[in-house]
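Asks:
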DNA sequence: TATTAATAGTTATTTCACATAACCATTAAG
DNA sequence: CTTAATGGTTATGTGAAATAACTATTAATA
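Chains as they are written, first to last, in our numbering: chain A, 4 to 164; chain B, 4 to 164.
1. Are the segment 129-143 of chain A and the segment 142-149 of chain B touching by the rule of at least three beta carbon pairs closer than 8 Å?
2. Bridge partners of residue 112/B, per DSSP?
3. Please name the residue in 114/B, 100/B and 82/B whose C-alpha comes closest to that of residue 65/B.
4. Counting only beta-carbon atoms, is residue 119/B nearer than 7 Å to chain A?
5. What are the partner residues of residue 107/B, as DSSP defines its beta bridges?
6. What are the residues in the segment 80-110 of chain B lying within 9 Å of chain A by C-beta distance?
7. 7 Å is my cut-off, CB to CB: does residue 47/B come that close to chain A?
8. Taking contact to mean 3 or more Cβ pairs, one atom from each stretch, closer than 8 Å, check whether the segment 40-49 of chain A and the segment 65-78 of chain A are in contact.
9. So, is residue 2/B buried or exposed, given that buried needs 16 or more other C-beta atoms within 10 angstroms?
10. Check whether the segment 116-125 of chain B touches the segment 50-66 of chain B, counting contact only when three or more Cβ pairs, one atom from each stretch, lie closer than 8 Å.
11. Rounded to whole angstroms, how far is the Cβ of residue 36/B from the Cβ of residue 55/A, which I believe are closer than 8 Å?
12. Skipping 5 residues on each side, what residues in its chain have a beta carbon closer than 8 Å to that of residue 50/B?
13. Suppose the cutoff is 8 Å on Cβ atoms and the five residues either side in sequence are ignored; what does the same chain contact list for residue 14/B look like?
14. Three-state secondary structure (DSSP) at residue 71/A?
15. Can you tell me whether DSSP reads residue 55/B as helix, strand or coil?
16. Can you check whether the CB of residue 111/A is closer than 7 Å to the CB of residue 101/A?
17. Mind checking the segment 47-66 of chain B against chain A and listing, in chain order, the residues whose C-beta falls within less than 7 Å of any C-beta there?
18. Kindly list the residues whose CB is nearer than 8 Å to the CB of residue 83/B, restricted to its own chain and excluding five residues on each side of it in sequence; keep chain order.
19. Does the Cβ of residue 90/A have 16 or more other Cβ atoms within 10 Å, making it buried, or fewer, making it exposed?
20. If we cut at 7 Å on Cβ distances, does residue 114/B have a partner in chain A?
21. What is the DSSP secondary structure of residue 20/A, counted as helix, strand or coil?
22. What is the DSSP secondary structure of residue 37/A, reduced to helix, strand or coil?
23. Taking C-beta pairs closer than 7 Å, name the residues in chain B that residue 74/A reaches, listed in chain order.
24. Only counting the same chain, and skipping five residues up and downstream in sequence, which positions put a Cβ closer than 7 Å to that of residue 138/B?
25. Within 7 Å (strictly less), CB to CB, does residue 132/B reach chain A?
26. Check this for me: beta carbons of residue 70/B and residue 99/A, under 7 Å apart or not?
27. Going by other Cβ atoms of all chains shown within 10 Å of its Cβ, with 16 needed for buried, is residue 150/A buried or exposed?
28. Answer with yes or no whether the minimum CB distance from residue 124/A to chain B is below 7 Å.
29. Under a Cβ-count criterion, where at least 16 other Cβ atoms within 10 Å of its own Cβ denotes burial, should residue 106/A be classed as buried or exposed?
30. So the candidates are 126/B, 141/B and 154/B; which of them puts its Cα closest to the Cα of residue 46/B?
31. Is there a C-beta anywhere in chain A that falls below 7 Å from the one on residue 36/B?
32. Would you mind sorting residue 23/B into buried or exposed? The rule is 16 or more other CB atoms within 10 Å of its CB.
33. How long is the line joining the alpha carbons of residue 87/A and residue 60/A, rounded to whole angstroms?
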């Protein structure tokens with residue numbers, strides 16, 4: 004009788020690590036799944052030299068031309084100071100422009116340049132394709148339930164912020 | 004005729020920011036929902052003086068007494084160097100101990116002290132309670148679908164790591 | 001109107017979660 | 001026995017967030 008391949012000559016005891024307790028939490032599953040999605044997103048955006056934040060900022064500016072930095076920060080759920088570097092980068096690449104608002108000389112109106120709009124369109128298309136591939140294992144009904152559940156969770160947080 | 008409350012004397016134009024494009028991505032919903040869950044988790048763990056990482060490390064050690072740091076790093080999907088500080092903290096608080104493995108004097112076997120086990124039990128209970136509250140809007144079937152979908156997404160990433 | 005308070009954006013600094021490179025000790029392989 | 005690989009560590013860097021404190025400007029109020 005052959006000994007089963009001498010699995011571990013080294014005392015390493017390839018005992019699988021159990022994460023049973025953590026698996027009991029929906030949050031744990033969310034983090035793990037999101038890590039996968041995010042890693043994919045980062046790879047997808049790399050050719051465009053966009054990061055998650057520059058990407059979502061750009062998309063929001065394209066979709067909401069003329070909005071203020073504070074509105075954008077609000078929409079992105081980040082603090083104003085963090086937005087500054089993001090916009091510095093986008094502006095430096097001439098993808099968006101900060102234009103003074105004549106009626107309020109404190110504020111800047113954000114708009115995407117033609118180059119920014121083009122890059123945005125391409126990036127969005129790429130992300131769509133990648134996400135479609137990543138979620139190909141889920142049928143439409145499941146995907147809808149997933150999104151609905153996530154929305155509900157998100158909303159339930161808005162109350163006790 | 005009363006003018007409708009002069010909604011904005013300032014030109015601020017309270018125009019709602021549209022995130023319609025981003026809402027088209029499941030990943031966006033995942034991030035938003037996870038932010039809520041994570042914020043809740045952080046608040047929940049604060050009384051125990053645990054952060055997400057110290058918490059999950061502790062739980063995994065309790066569930067897998069004797070495991071090595073590299074196994075733990077692997078299970079937590081982080082690099083070994085990052086685990087060092089986490090364990091320094093847990094060991095400093097005498098919640099876990101690093102014991103030399105006699106058969107391999109390079110490695111450390113990680114075990115939770117009684118204090119660590121107790122804290123772990125309490126923390127897990129608290130997180131369970133909080134998560135139950137957070138997910139109270141979802142019925143069991145939806146929750147099951149959610150977890151199944153997230154697991155599938157997670158797995159689909161494991162192939163193309 | 002003059003002063004105070006609030007707002008928009010910025011700078012500086014910090015924390016946390018992660019990654020890489022390089023190193024020491026020890027063990028395994030050639 | 002020399003070389004590889006492994007387990008843990010140190011040092012260091014990056015990206016995503018937050019806070020405090022500042023300037024310029026606009027709104028509120030006394």
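C-beta: ideal position from N, C-alpha, C; glycine also.
Replies: With the given structure in hand:
1. no
2. 102/B
3. 114/B
4. no
5. 104/B
6. 80, 104, 106, 107 and 110
7. no
8. no
9. Residue 2/B lies beyond the stretch modelled for chain B, which goes from 4 to 164, so this question has no answer here.
10. yes
11. Residue 36/B to residue 55/A, Cβ: 16 Å. No contact.
12. 129
13. For residue 14/B, the predicted model reports a pLDDT of 36, less than 50, meaning its position is unreliable; a value from the coordinates is still stated below. Within the same chain, residue 14/B has no close Cβ partners at all.
14. strand
15. helix
16. yes
17. 59, 62, 63 and 66
18. 72, 73 and 76
19. buried
20. no
21. coil
22. helix
23. 20
24. 146
25. no
26. no
27. buried
28. no
29. exposed
30. 126/B
31. yes
32. exposed
33. 11 Å
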